[in-house]
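Here my numbering = 1-based position in the sequence shown + 245. Glycine residues also receive a C-beta, built at the ideal position from the N, C-alpha and C atoms. Owing to the predicted nature of the structure, the values given are computational and were not obtained by experimental measurement.
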Amino acid sequence: MSCFMKISRSKWYHHLKPQNSSLTCTSFFSSPSRPYFQRNDNKRKYEHSYVCGPGTTPLLGKTIGQLLESASDRHGDSEAVIVVHQKIRKTYLQLLHDADQLAAGFVALKLQRGDRIGIWGPNSYEWALTQWAAARAGLILVNVNPSYQPMELKYALNKVGIKALVAAESFKNRDYYSILNEAVPQIQKTNEMSFISSSDVPSLRSVIMISDNIVKGTWRFQDVMELGGNNELKEVHGIQRQIQFDEPANIQFTSGTTGNPKGATLTHHNIVNNGYLMGLRTGYHLKAHRLCLPVPLYHCFGCVMGVLSAVSHGGSYVLSSPAFSAREAVKAVEQERCTSLYGTPTMFVDILNLPDLKSYDLSSLSTGYMAGAPCPQSIVKAVVHDLHMKDFVVAYGMTETSPVTFSGYSSDPLEVRHSTIGFPSDYTEVKVVNEQGEIVPVNTPGELCTRGYSTMLKYWDDEEKTKETISPDRWLRTGDIAVIDENGYGQIVGRAKDMLIRGGENVYPREIEELLHTHPAVAEVHVTIFY
């Protein structure tokens, strides 16, 4: 039973035409008007573990900043973002205005097109705004994990050469400013609203603190919002005319289960289109959906599948709390009449276990995404029955693929939605290969590889790891062991490095987990291989 998106190393049928040992990917749909949220195919059966998701609607040739401007032109007075815990609501026109003001502030801080700017903290309007402002200023946004400790933070800052960092001052028991000072002690010797000079992190010049207080060695977020003038705004608008969609837009660190985290470098084209196509598959283009996002924005589940999916289809995204809270999520759904809810299986378990769940009016819900881990059938059924999410879909992907490579269709039978990771995303090729790199027959385990518009540009400043992961012909090795069935749907059965050999047979953790899940006393299970 699989319904997960692997955040890398943390963590429709085509015509299959063998000819001279090559495989050809061709869309069989004759009309671009097909409803993307349901399958409409010829039920072709596959023999080989190679599938190409069909594409009939052209990919968007836009940058993230241009996407927001286009949405503002079309849906200006509609709500774009609601941050419940901050009591902030912004229309598309207001969001674009704020993004350009902050972008102008970045320009005033001497940040130039292609510079890296980090964002470090829990979900907030400032986080959401920085995502758009960085794109409008032509900067590369670097998502910094809010749980990083000083050594991890210092590594991330140096690895990608972050020039400015937007940071929360504190949240719950985490004092971000103290952690930052331990990583970059020279901040304490820097005057407020001045540039930093640090031998520990030479690239870092400015820290922008999300705080009402003036914090030593940093700029206040609100002051940077007011720093840029007409000249800086003109420069922002000029950048938007010049920037290309194949330029890097976002660096997201993998969790680094083997060695230090790697900076997956994603282009505007990668993530704009991944969000757009996932929205099509979920039916976001049919009406103005309201997405409740209790998932973290630093994660591609939130900032791509959530934010960019909503905006590319003129919907709204609702941030229910700084960090996940089951109660705040259902309160936000009820208050904002959200139609779509995002979460991992564990998040949905917490929501379903709320003792007073039935006291909330969740009747507005109809769909959403479940990703991040395998999910038992019981959770899937409860999500449909108790949360009214009859059209929800599952997704699988990884940071390096922007992130989604497989997702279900809302028209898929429930059995398919809880037992597979869905069908390949449009314009995405997938194959399962053996140890010799040869495509295997269907229903045969092997390493999953993907290729297409969503493949990352590279690992930042790591040519060796990039070459290990992406072949010269742009096939990306996921490191996951998968099976593709005769209908083109996928299942993840384990990691290539986690395979056990028992009695001459290959055994994967996923198979053991599925067996243990059948016991009524087991709510969750995870099998880890120790060497």
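(Q) Quick check: what's the CA-CA separation for F416 versus L449? (A) What you label residue 416 is simply residue 171 of the sequence shown in a count that begins at 1. What you label residue 449 is simply residue 204 of the sequence shown in a count that begins at 1. If I take the Cα positions, the gap works out to 23 Å.
Q: Check the DSSP bridge columns for I364 and list the partner residues they point to.
A: Counting from one through the sequence shown, the residue named residue 364 turns up at place 119. Answer is N388, V411, bridged to I364.
Q: Please look up how many angstroms separate the CB atoms of S783 and H534, rounded, as I've assumed it's under 8 Å.
A: Not covered by the structure: residue 783. The range shown for the chain is 246 to 776.
Q | Nearest-angstrom Cα separation, counted from V446 out to G508 | A | Taking the sequence shown and counting its residues from 1, one reaches residue 508 at position 263. Taking the sequence shown and counting its residues from 1, one reaches residue 446 at position 201. One C-alpha to the other measures close to 17 Å.
(Q) Does R696 pass the burial test, meaning 16 or more other C-beta atoms within 10 Å, or should it be called exposed? (A) Here residue 696 is taken as the residue at index 451 of the sequence shown, counted from 1. Classification for R696: buried.
Q.
Just to confirm the assignment, what range does the beta strand (DSSP E) spanning F351 have?
A. Counted from its first residue, the sequence shown places residue 351 at position 106. First-last for F351: 337 to 353, but that is the alpha helix (DSSP H), not the beta strand (DSSP E).
Q | Close beta carbons around R319, own chain, < 7 Å, minus the five adjacent residues each side | A | As a working note, residue 319 is residue 74 in the sequence shown. Cβ within range, chain order: G559.
Q) To which residues of the same chain is V625 closer than 6 Å at the C-beta, ignoring the five residues directly before and after it? A) For the purposes of this step, residue 625 is identified with residue 380 of the sequence shown, where counting begins at 1. Correct list, in chain order: H663.
**Q.** When K290, Y291, Y295 are compared against Q693, the one with the closest alpha-carbon
**A.** To locate residue 693, count along the sequence shown from 1; it is residue 448. Looking at the sequence shown, residue 693 is not Gln but Leu. Looking at the Cα atoms, Y295 is the closest of the given residues.
Q) Would DSSP call W257 helix, strand or coil? A) To locate residue 257, count along the sequence shown from 1; it is residue 12. Low confidence applies here, because W257 scores a pLDDT of 26, under 50, leaving its location unreliable and the question unanswered by this model.
Q. Which one or two residues does DSSP pair with M615 in a beta bridge?
A. If you number the sequence shown from 1, residue 615 lands on position 370. Answer is G588, V639.
Q. Can you find at least 3 beta carbon pairs, one from the region 704 to 715 and one from the region 519 to 532, that sit closer than 8 Å?
A. no
(Q) If I measure Cβ to Cβ from F466 and keep anything under 6 Å in the same chain, skipping five residues before and after, which residues do I get? (A) Taking the sequence shown and counting its residues from 1, the one referred to as residue 466 is at position 221. Same-chain partners within the cutoff: E371, I453, I455.
Q. Which residues in the same chain have their Cβ closer than 6 Å to the Cβ of A577, if we skip the five residues on either side of it in sequence?
A. Position 332 of the sequence shown holds residue 577. Closer than 6 Å at Cβ, skipping near neighbours: V329, C537, V563, S565.
Q.
Using the three-state DSSP reduction, which class does D671 fall into: helix, strand or coil?
A. Along the sequence shown, read from residue 1 onward, the residue named residue 671 stands at position 426. Three-state DSSP puts D671 in a strand.
(Q) What would DSSP say about G724, mapped onto helix, strand or coil? (A) Stepping through the sequence shown from its first residue, residue 724 is reached at position 479. Strand, per DSSP.
Q. DSSP state of P395, grouped into three classes?
A. For the purposes of this step, residue 395 is taken as the residue at position 150 of the sequence shown. In the structure shown, P395 sits in a helix (DSSP, three-state: H, G or I).
Q: Rounded to whole angstroms, what's the CA-CA distance from S317 to A344? Just pull it up for me.
A: Counting from 1 along the sequence shown, the entry for residue 317 is found at position 72. Counting from 1 along the sequence shown, the entry for residue 344 is found at position 99. In a straight line, the C-alpha of S317 is about 12 Å away from that of A344.
Q. Should P303 be labelled buried (16 or more other beta-carbon atoms within 10 Å of its own) or exposed?
A. Residue mapping note: residue 303 aligns to position 58 of the sequence shown, counting from 1. P303 comes out exposed.
Q. What whole-angstrom Cβ distance do S655 and N519 have, given they're in contact under 8 Å?
A. For this step, residue 655 is matched to residue 410 along the sequence shown. For this step, residue 519 is matched to residue 274 along the sequence shown. Rounded, the Cβ-Cβ distance is 18 Å, inconsistent with contact.
Q | Per-residue DSSP class, three states only, for T301 | A | Looking up residue 301 in the sequence shown gives position 56. Here T301 sits in coil by DSSP.
(Q) So for N436, helix, strand or coil by DSSP? (A) Within the sequence shown, the letter at position 191 stands for residue 436. DSSP places N436 in coil when its eight states are reduced to three.
(Q) With three or more beta-carbon pairs closer than 8 Å as the criterion, would you say the region 474 to 494 touches the region 308 to 317? (A) yes
Q | DSSP-derived helix/strand/coil call for S266 | A | Within the sequence shown, residue 266 is the residue found at index 21, counting from 1. Legend: pLDDT at S266 = 32, less than 50; position of this residue unreliable, value from coordinates given subsequently. Correct three-state label for S266: coil.
Q: Could you pull out every unbroken alpha helix (DSSP H) segment of at least 4 residues lying fully inside the region 455 to 526, listed in chain order?
A: 466 to 470, 475 to 487
Q | Separation of G733 from R289, as counted between CA atoms | A | Against the sequence shown, residue 289 aligns to sequence position 44. Against the sequence shown, residue 733 aligns to sequence position 488. Those two C-alpha atoms are separated by around 9 Å.
Q: Verify whether the separation of the beta carbon atoms of G667 and V687 is less than 9 Å.
A: Along the sequence shown, one-based indexing puts residue 667 at 422. Along the sequence shown, one-based indexing puts residue 687 at 442. Not closer than 9 Å, so no.
Q: Helix, strand or coil for T650, going by three-state DSSP, please let me know.
A: Taking the first residue of the sequence shown as position 1, residue 650 is located at position 405. Residue state, collapsed to three classes: strand.
(Q) Counting C-beta neighbours from all protein chains within 10 Å, is the total for H764 16 or more, i.e. buried, or is it exposed? (A) By 1-based counting over the sequence shown, the position of residue 764 is 519. Exposed.
**Q.** Status (buried if at least 16 other CB within 10 Å, exposed otherwise) for A413
**A.** The residue labelled residue 413 in the question sits at position 168 within the sequence shown. By the neighbour-count rule (16 or more Cβ atoms within 10 Å), A413 is buried.
Q: Output the boundary residues of the beta strand (DSSP E) element that contains V328.
A: Walking along the sequence shown from the start, residue 328 turns up at place 83. Looking at the DSSP string, the run of the beta strand (DSSP E) that includes V328 is 324 to 328.
Q | Q736 - containing beta strand (DSSP E), residue span | A | Position 491 of the sequence shown holds residue 736. Here the beta strand (DSSP E) through Q736 covers 735 to 740.
Q) Is it true that the CB of V517 sits closer than 9 Å to the CB of L761? A) The residue you call residue 761 lines up with position 516 of the sequence shown. The residue you call residue 517 lines up with position 272 of the sequence shown. No, they are not a contact pair.
Q | Pairwise C-alpha distance: D606 and A571 | A | Taking the first residue of the sequence shown as 1, we reach residue 571 at position 326. Taking the first residue of the sequence shown as 1, we reach residue 606 at position 361. About 14 Å.
**Q.** Simplified DSSP assignment, three categories, for P430
**A.** By one-based count along the sequence shown, residue 430 stands at place 185. In the structure shown, P430 sits in a helix (DSSP, three-state: H, G or I).
Q: Report all residues from its chain with a CB closer than 7 Å to the CB of P567; omit the five preceding and five following residues, and keep chain order.
A: Residue numbering aside, residue 567 sits at position 322 when the sequence shown is read from its first letter. For P567, where only same-chain residues beyond five positions count, the Cβ hits under 7 Å are H330, P367, N368, S369, F416.
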